[in-house]
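See below for the structure under consideration.
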Amino acid sequence: MYEWSETDILVNEAIANAVDAFRDHSITTGKIDITFTKKNDSTGYLSFHNNAPAMTEKQFYGKSGYHKVSFSSKQKGQGIGFAGVGAKLFLVSKQGGEIVTITGKNESDFMASKMYRTSNDVEFKTTEKYPLKEILEIPEYVHKFGTTYSVKINSHAYDELKQKLPGIIQFWWNYALISKQITITIDGKSLSPWLPRGDQYRKIFPWKKQKIPALCFISKEKIPPLRRHIVYTVFGKRIFNKELDLAIRIKGDFADRVFCIVDLSILADQLTSNKENFKKGIHTNDCKSKVEDGFWGFLEDQKLLNVEFQQDIQVVTNELTQQLDKLLDMKDFKDLNPFLNPRKRTSLTLDEGGDTVVGEELGQGPGDGASSKDGDGSDRGIGDGASLIEDEDADRIASKKEKKAKGIKLVFTKKLQTHNEEARVEIKAGAIVIDELHPVYLRYKNEPNKLKNYNLMRIVIESLIRHKNEEITWDAKETMYRFRNLLHAMMGIR
Numbered sequence: 013m014y015e016w017s018e019t020d021i022l023v024n025e026a027i028a029n030a031v032d033a034f035r036d037h038s039i040t041t042g043k044i045d046i047t048f049t050k051k052n053d054s055t056g057y058l059s060f061h062n063n064a065p066a067m068t069e070k071q072f073y074g075k076s077g078y079h080k081v082s083f084s085s086k087q088k089g090q091g092i093g094f095a096g097v098g099a100k101l102f103l104v105s106k107q108g109g110e111i112v113t114i115t116g117k118n119e120s121d122f123m124a125s126k127m128y129r130t131s132n133d134v135e136f137k138t139t140e141k142y143p144l145k146e147i148l149e150i151p152e153y154v155h156k157f158g159t160t161y162s163v164k165i166n167s168h169a170y171d172e173l174k175q176k177l178p179g180i181i182q183f184w185w186n187y188a189l190i191s192k193q194i195t196i197t198i199d200g201k202s203l204s205p206w207l208p209r210g211d212q213y214r215k216i217f218p219w220k221k222q223k224i225p226a227l228c229f230i231s232k233e234k235i236p237p238l239r240r241h242i243v244y245t246v247f248g249k250r251i252f253n254k255e256l257d258l259a260i261r262i263k264g265d266f267a268d269r270v271f272c273i274v275d276l277s278i279l280a281d282q283l284t285s286n287k288e289n290f291k292k293g294i295h296t297n298d299c300k301s302k303v304e305d306g307f308w309g310f311l312e313d314q315k316l317l318n319v320e321f322q323q324d325i326q327v328v329t330n331e332l333t334q335q336l337d338k339l340l341d342m343k344d345f346k347d348l349n350p351f352l353n354p355r356k357r358t359s360l361t362l363d364e365g366g367d368t369v370v371g372e373e374l375g376q377g378p379g380d381g382a383s384s385k386d387g388d389g390s391d392r393g394i395g396d397g398a399s400l401i402e403d404e405d406a407d408r409i410a411s412k413k414e415k416k417a418k419g420i421k422l423v424f425t426k427k428l429q430t431h432n433e434e435a436r437v438e439i440k441a442g443a444i445v446i447d448e449l450h451p452v453y454l455r456y457k458n459e460p461n462k463l464k465n466y467n468l469m470r471i472v473i474e475s476l477i478r479h480k481n482e483e484i485t486w487d488a489k490e491t492m493y494r495f496r497n498l499l500h501a502m503m504g505i506r
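See the structure below:
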């Protein structure tokens, strides 16, 4: 269910549910005070206090309320935590074993509970039925307005968290700290966000009618891999980062020194159950693609990109790519073409038998069509060229023709920073980038042409399948079916 360490889960969920409480009560500057309290040589308490209004009796004592360890306690898209589920799971850890929660108005008006591990289950006691002395064992604890969440931990976890807690919070909640959505203290000392030395830029990435806030950085020092290059966040919490292979296009060592923190709270309802990724789908894929476009645009604006591919990068179009172009234009394989716009794009061509009324527009500056003195009306040109536009008041007739996708290009490079995949689709490069230093590629490099070409086909098809799988989930059977059919078609077997 969770991909990170037990201590990360504990800290992350405690803060996440405080943030949810702030959002539920429209608190824009929530405060979380974290304290360490040593009970004896073998145990201690880690406590998280937030200043959101206390839980109601129904929320706290109710049968379906706070103490029910269930994912259903959070509705889809309404929060970044699970009402403590992640931290409650810490109960069954060897490092934990007990959680005390106190919620109320002041030191004399509050409710409390203790959740604890038994030999085969998790039980709890509340002040609704049990005296306070059986629940509250934290030394010298005095309650104040809000909710305090205290976890009993062994000496090993206590010492580890004493050392690592600031870094854990800065890793997961850096954007919340930077944007001042929350302030956090640890034993009374304010925690600052993690910010590298260098330049910071506030950006807005447009997507449909939405505006996505982002912070882009050019650091003077190398950035740790888990903070490169695009860090997606929701409600201030890190979801995951996407590390791009920038080396094929970026100057010098900037690939190790640039990153962007993006606020994708608009996709909160698309988070997976563990809140550590987004669900796969065309909607989320399109949004993330626009964010990547924005990041590339930022790099270009800062003049960090090479105009052309580096000299030791070989761009290839050959018989294989021509065959792929034909197959990926066919109905059976069209959905695997990463360079085909999902929305049909059309061009206008003068045609007395057409059904579209058009007028002329003179070219004004650079566009996405070819340069032409007169222009053939097929697209926006440059300079004096004219292009056709739909105009109901005009008097010329044209027909619409669907534009074809750009052809497949293969880019062979020795510049990739990692060698985890043999090839990957790079939309911004407009090509399938093949890692010439990948061990498998090197293994077949000097084999006979027939075997070498088969391996190249396999690499290319695998990259197409994997890229498609980022937007839609196939089971193993469907994945193998797709791979086999395209491979056979490439070999001329249908």
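Residue numbers (the numbering used here): 13 to 506. Built from N, CA and C at the ideal position, the CB exists for glycine as well. Everything numeric in this text was worked out from a predicted model, so none of it was measured.
For residue i and residue j, I'd like the C-alpha separation in whole angstroms.
| i | j | result |
| --- | --- | --- |
| I439 | D447 | 16 Å |
| T49 | E25 | 20 Å |
| T333 | L348 | 14 Å |
| K174 | I242 | 29 Å |
| H79 | I114 | 12 Å |
| Y73 | G109 | 21 Å |
| N77 | D341 | Correcting the residue type first, residue 77 is Gly in the shown sequence and not Asn. When rounded, the distance between both Cα atoms is 54 Å. |
| R494 | Y466 | 17 Å |
| G387 | L362 | Residue confidence is low: G387 scores 38 on pLDDT, short of 50, so the model does not pin down where it sits. Its coordinate-derived value is still stated next. Straight-line Cα distance between these residues: approximately 12 Å. |
| N118 | S285 | 35 Å |
| Y456 | H431 | 16 Å |
| V437 | S475 | 6 Å |
| C299 | I251 | 15 Å |
| K192 | P237 | 25 Å |
| E69 | D20 | 30 Å |
| K43 | I150 | 22 Å |
| L336 | A435 | 16 Å |
| D36 | F271 | 31 Å |
| W16 | V23 | 11 Å |
| L203 | H168 | 23 Å |
| I294 | I190 | 31 Å |
| F136 | M127 | 4 Å |
| N481 | F424 | 23 Å |
| T139 | I147 | 8 Å |
| K183 | A66 | Inspection of the sequence shows that residue 183 is occupied by Phe rather than by Lys. Whole-angstrom Cα-Cα distance: 28 Å. |
| E18 | R129 | 16 Å |
| V452 | R496 | 20 Å |
| E255 | H450 | 18 Å |
Taking C-alpha atoms, which residue in the options lies nearest to residue i?
| i | options | result |
| --- | --- | --- |
| P143 | I27, S125 and N481 | S125 |
| P350 | T130, I444, S204 and N458 | I444 |
| Y187 | T245, H431 and Q107 | T245 |
| C28 | Q335, K421 and I196 | Sequence inspection shows Ala at residue 28; the Cys mentioned does not correspond to that position. For the residues Q335, K421 and I196, the minimum Cα distance to A28 belongs to I196. |
| T47 | S475, R478 and E152 | E152 |
| T491 | E483, F271 and R478 | R478 |
| S38 | K51, D20, T55 and A64 | A64 |
| R408 | K426, V369 and E433 | V369 |
| L422 | N461, P460 and L468 | L468 |
| M502 | K426, K201, E331 and K156 | E331 |
| N318 | K176, G264 and G200 | G264 |
| G442 | R214, H450 and I420 | I420 |
| D313 | L283, Y213, I147 and V274 | Y213 |
| H500 | R470, D487 and K480 | R470 |
| G218 | V303, S202 and Y453 | Per the sequence presented here, residue 218 reads as Pro, with Gly not at that position. With distances taken between Cα atoms, P218 lies closest to V303. |
| D268 | L352, V452, Y128 and L428 | L428 |
| K234 | L207, I216, K254 and K215 | L207 |
| L498 | N52, Y170 and K338 | K338 |
| T485 | K315, L463, L316 and F290 | F290 |
| Y170 | I194, K51, S131 and N458 | K51 |
| E288 | S301, L316, G200 and W185 | W185 |
| V274 | F34, Q282, F266 and F307 | F307 |
Assuming residue i contacts residue j under a Cβ cut-off of 8 Å, what Cβ separation, rounded to an integer in Å, is found between them?
| i | j | result |
| --- | --- | --- |
| V112 | G248 | Not confirmed; about 26 Å, so no contact. |
| D211 | I230 | 5 Å |
| I262 | L227 | So it is not a contact: roughly 19 Å between Cβ atoms. |
| G116 | H155 | 6 Å |
| E483 | K292 | 6 Å |
| N166 | T296 | With 8 Å as the limit, N166 and T296 do not qualify as a contact, their Cβ atoms being about 40 Å apart. |
| K232 | R209 | 5 Å |
Completely contained beta strand (DSSP E) runs for the region 265-337, where each covers 3 or more residues: 270-275 and 326-328
Could you say if the region 44-61 and the region 160-172 meet the contact criterion of at least three C-beta pairs nearer than 8 Å? yes
Is the region 269-279 in contact with the region 220-238, if contact means three or more CB pairs nearer than 8 Å? yes
Curious, which full-length beta strand (DSSP E) runs of at least 3 residues does the region 179-247 contain? 194-198, 210-219, 222-231 and 242-246
Alpha helix (DSSP H) runs contained entirely in the region 408-466, provided each spans 4 or more residues: 451-456
Can you give, in chain order, each stretch of the beta strand (DSSP E) that sits fully within the region 97-155 and has at least 3 residues? 110-118, 121-129 and 134-138
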